[in-house]
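Below: the structure, in structure tokens.
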Amino acid sequence: MVELSTVAHEPTLPLDYSGLTGSYERDLWTMPFRYAELPLSKLLLDQSNARLGEEQPSQEAAQLALAALLDDELLAIAGDILDKGTDPTSLTAVTREKAPKGTYRVIEGNRRLLALRVLTTPGIVDAALTSGKRKRLLKYAESFSVAPITKIMCVVFDEEREARHWIELRHTGANGGVGLVEWDANEKDRYRARQGGLKARSAAGQILDFVDQVDTSDGAGNKRSYSTLQRLIKTPKVRETLGIDVERDVVYSYYPLDEVAKGLTAIVNDLRSGRTKVTHVYYENERIDYIRKLPLESRPDPATRLAARVELIALLDPSFSPVLPAPYSQDSLPLDETTGGQNEAGDASVGAARNSTGAAPAQAQVQGAAPAQAQAQGAAPAQAQAQGAAPAQAQAQGAAPAQAQAQGAAPALPTNPGVTGAPEQGTERTLRKSRAKEPKPRPTTIPRSCILWIPRPARINEIYYELAKLNVDEYPNACSVLLRVFVELSVDHHIARLSVLSAEERKSAKLSKKLKDLASRLKSDGSIDPQLEKAVIKIADGGGLFSASTVTFNQYVHNQFAYPLPSELRIAWDELQPFMQALWGR
Numbered sequence: 000m001v002e003l004s005t006v007a008h009e010p011t012l013p014l015d016y017s018g019l020t021g022s023y024e025r026d027l028w029t030m031p032f033r034y035a036e037l038p039l040s041k042l043l044l045d046q047s048n049a050r051l052g053e054e055q056p057s058q059e060a061a062q063l064a065l066a067a068l069l070d071d072e073l074l075a076i077a078g079d080i081l082d083k084g085t086d087p088t089s090l091t092a093v094t095r096e097k098a099p100k101g102t103y104r105v106i107e108g109n110r111r112l113l114a115l116r117v118l119t120t121p122g123i124v125d126a127a128l129t130s131g132k133r134k135r136l137l138k139y140a141e142s143f144s145v146a147p148i149t150k151i152m153c154v155v156f157d158e159e160r161e162a163r164h165w166i167e168l169r170h171t172g173a174n175g176g177v178g179l180v181e182w183d184a185n186e187k188d189r190y191r192a193r194q195g196g197l198k199a200r201s202a203a204g205q206i207l208d209f210v211d212q213v214d215t216s217d218g219a220g221n222k223r224s225y226s227t228l229q230r231l232i233k234t235p236k237v238r239e240t241l242g243i244d245v246e247r248d249v250v251y252s253y254y255p256l257d258e259v260a261k262g263l264t265a266i267v268n269d270l271r272s273g274r275t276k277v278t279h280v281y282y283e284n285e286r287i288d289y290i291r292k293l294p295l296e297s298r299p300d301p302a303t304r305l306a307a308r309v310e311l312i313a314l315l316d317p318s319f320s321p322v323l324p325a326p327y328s329q330d331s332l333p334l335d336e337t338t339g340g341q342n343e344a345g346d347a348s349v350g351a352a353r354n355s356t357g358a359a360p361a362q363a364q365v366q367g368a369a370p371a372q373a374q375a376q377g378a379a380p381a382q383a384q385a386q387g388a389a390p391a392q393a394q395a396q397g398a399a400p401a402q403a404q405a406q407g408a409a410p411a412l413p414t415n416p417g418v419t420g421a422p423e424q425g426t427e428r429t430l431r432k433s434r435a436k437e438p439k440p441r442p443t444t445i446p447r448s449c450i451l452w453i454p455r456p457a458r459i460n461e462i463y464y465e466l467a468k469l470n471v472d473e474y475p476n477a478c479s480v481l482l483r484v485f486v487e488l489s490v491d492h493h494i495a496r497l498s499v500l501s502a503e504e505r506k507s508a509k510l511s512k513k514l515k516d517l518a519s520r521l522k523s524d525g526s527i528d529p530q531l532e533k534a535v536i537k538i539a540d541g542g543g544l545f546s547a548s549t550v551t552f553n554q555y556v557h558n559q560f561a562y563p564l565p566s567e568l569r570i571a572w573d574e575l576q577p578f579m580q581a582l583w584g585r
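Mapped onto numbering that gives the first Met the number 0, the consecutive letters of the sequence shown carry residue numbers 0 to 585.
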């Protein structure tokens, strides 16, 4: 064993641990610890590990209990160690306290220690793994034996209490920024894209970074804007209105920088302000209604539409010059067919919905087909005249086809990929609008397709049926309170049935603690998988993107200014349903 001496040092820790101390003094505070490279044979699992429900009587029992708890995670950790080695940014913390002479008890890093043990001796957890997982572990162990890890660098504390502060910060959340602050979805995506440039970002990430570079206002805002934006741009009507398209997760623009930036900046700033939440645009019809209300001044000018789409990030390059279309008269643009020439704000449209080729009627006739062809494609002469002006007018505006070509008229532009609508001018085949209807939100909190088997107590069963029958759009307050009561009564029933908490503990415990304790018990029993347990923990903590949260439920009951939205209640149940089905499955 290599153990480092204890001397006074500044807090800065170099990468080389040689001669490094872990006990240093600065001003009036002291943090006694030291660094040591210890053999694995000297390290013991913590038999009172907080991850385990009860204190284990032996090392063998602790190994099996932790392996059963981790399940697939144990193989994932072992595989990562085999591939990348142990994590140098997070050292194992140990103490001699409550450990046999000559050994150390691991107080932080028990999962890593178990993974290293099973890579050395995979048979010690056979009883906790399926045959398929045992075979995988044997393959890992065979590869590990070529270059085994026998020692690891540790932080040694004399007593566990000296490490308590640091251990709690690692496992109890952000703690106001002092603890580990998990990245949100946008931050994760941004980090992963650093090696591949902006193009490696997801579509929503590319738009957020684009707006951050063209908009000088503060872009911090609501962290949930990333996921909501990702949901919005999946809708063709939203992309069409903003003048963008997404193909293979690359964002393209049909307009110059200044024009496409108008709509994207307006949408991003609205989401970051928190005025529009995911529950407001959860369904496609809600997203379409949202984008229709975008003011005309926040939409790109159709007169500036490019001759061909370009990657959004290319517009940020000052040396990039997109190909502009030939100029045409604003007077030749048709009125917006969806609003009768007026947008929802009441402003006159100046061609926000011109024909799908992006050209004026006269140009479209020059670029596409002769009048006879147009008539053959399904338009009567009178209709053609109404849509595109009389032949005399067309000739006056655009001249003969040869003249129009000599004047440099741009070729017809294709419609946005993935957007149904009018066909390209001059094509022989007419595209039809999809007949699929927008799915309507269900009228109840619990969908009729969700079958729960609740033999007793009778009251929980009656509340379940009421939530499946009451119209949540008409009675959101009643449904919100019933949902909160249903969840708590269900959790209390199963906690008592499984003896998860004592009667006294149940009386004083908050719903969040009950949820987490019950999920942990069901996970250890194999009744739910680890991912569902993590989802329940986030609901209990009120974190993530969950509408279902104990904080929200409490507000529905106790806060007179909290108004539940029907869409929020539907989403809350959708998030809770897998756990409720696990509780009340047949």
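Glycine included, C-beta positions come from ideal geometry on N, C-alpha and C.
For residue i, the first and last residue of its enclosing beta strand (DSSP E)
i      : result
Glu36  : 33–38
Glu107 : 103–107
Val245 : 243–246
Simplified DSSP assignment, three categories, for residue i
i      : result
Ile151 : strand
Tyr251 : strand
Ala92  : strand
Ala378 : Below a pLDDT of 50, predicted positions are generally treated as unreliable, and Ala378, at 42, falls in that range; no measurement from the model is reported.
Leu42  : strand
Ser485 : Note on identity: in this sequence residue 485 is Phe, with Ser being the wrong assignment. Of the three classes helix, strand and coil, the one that applies to Phe485 here is helix, per DSSP.
Phe560 : coil
Phe156 : strand
Glu461 : helix
Gln341 : Confidence is the limiting factor: at Gln341 the pLDDT is only 41, short of 50, which leaves the residue's position unreliable and the question unanswerable from this model.
Val259 : helix
Val277 : helix
Glu504 : helix
Glu310 : strand
Thr171 : coil
Ala421 : With a pLDDT of 42 at Ala421, under the threshold of 50, the modelled position of that residue is not reliable, and no figure is offered here.
Arg50  : coil
Exposure label - residue i; buried when at least 16 CB within 10 Å
i      : result
Lys509 : exposed
Leu137 : exposed
Leu476 : One point to set straight first is that residue 476 is Asn, not Leu, in the sequence displayed. Under this definition Asn476 is an exposed residue.
Phe560 : exposed
Glu158 : exposed
Ala389 : Confidence at Ala389 is low in this model, with a pLDDT of 43, below 50, so the placement of that residue should be treated as unreliable; the coordinate-derived value is given next. Exposed, by the Cβ-count rule.
Tyr464 : exposed
Val499 : buried
Ser252 : buried
Phe319 : exposed
Tyr555 : buried
Reference residue i; option with closest CA among the options
i      : options                        : result
Leu90  : Arg135, Tyr103, Val154         : Val154
Asp540 : Asp516, Pro529, Ser523, Asp208 : Asp516
Leu568 : Cys478, Leu128, Leu37          : Cys478
Val620 : Pro440, Ala457, His492         : An answer regarding residue 620 cannot be provided, because it is not within the stretch 0 to 585 covered by the chain.
Leu65  : Pro99, Val117, Ser40, Thr88    : Val117
Ile453 : Glu473, Leu481, His492         : His492
Tyr282 : Lys233, Ile80, Phe552          : Lys233
Lys134 : Thr102, Lys83, Leu74, Leu113   : Leu74
Phe209 : Ala98, Ala313, Val145          : Ala313
Leu69  : Ile450, Asp211, Asp524, Gly172 : Asp524
His170 : Gln229, Lys83, Gly131, Gly108  : Gly108
Phe552 : Ala534, Lys100, Ser511         : Ser511
Phe156 : Leu112, Arg104, Leu466         : Arg104
Ala203 : Gly178, Leu231, Val213         : Leu231
Lys150 : Glu36, Leu112, Thr444          : Glu36
Ala98  : Glu72, Asp45, Ala114           : Asp45
Gly52  : Arg298, Arg520, Leu481         : Arg520
Ala61  : Leu43, Asp71, Gly78            : Leu43
Val484 : Ala302, Ile462, Arg496, Ile494 : Ile462
Lys276 : Gln58, Val480, Gln229, Lys522  : Gln229
N- and C-terminal bounds of the alpha helix (DSSP H) containing residue i
i      : result
Asp573 : 565–582
Leu295 : Unbroken run through Leu295: none, as it is neither H nor E.
Pro529 : 529–540
Gly131 : 130–143
Lys512 : 510–524
Phe209 : 202–213
Thr227 : 224–231
Lys623 : This structure leaves residue 623 out entirely; the chain is present only between 0 and 585.
Gln55  : Gln55 -> no alpha helix (DSSP H), and no H or E assigned at all.
Leu305 : First-last for Leu305: undefined, no H or E at that position.
Closer than 7 angstroms: residue i CB and nearest the ligand PLP heavy atom
i      : result
Tyr103 : Inclusion of the ligand PLP in the displayed structure is not the case, the ligand content being empty and no account of it being possible.
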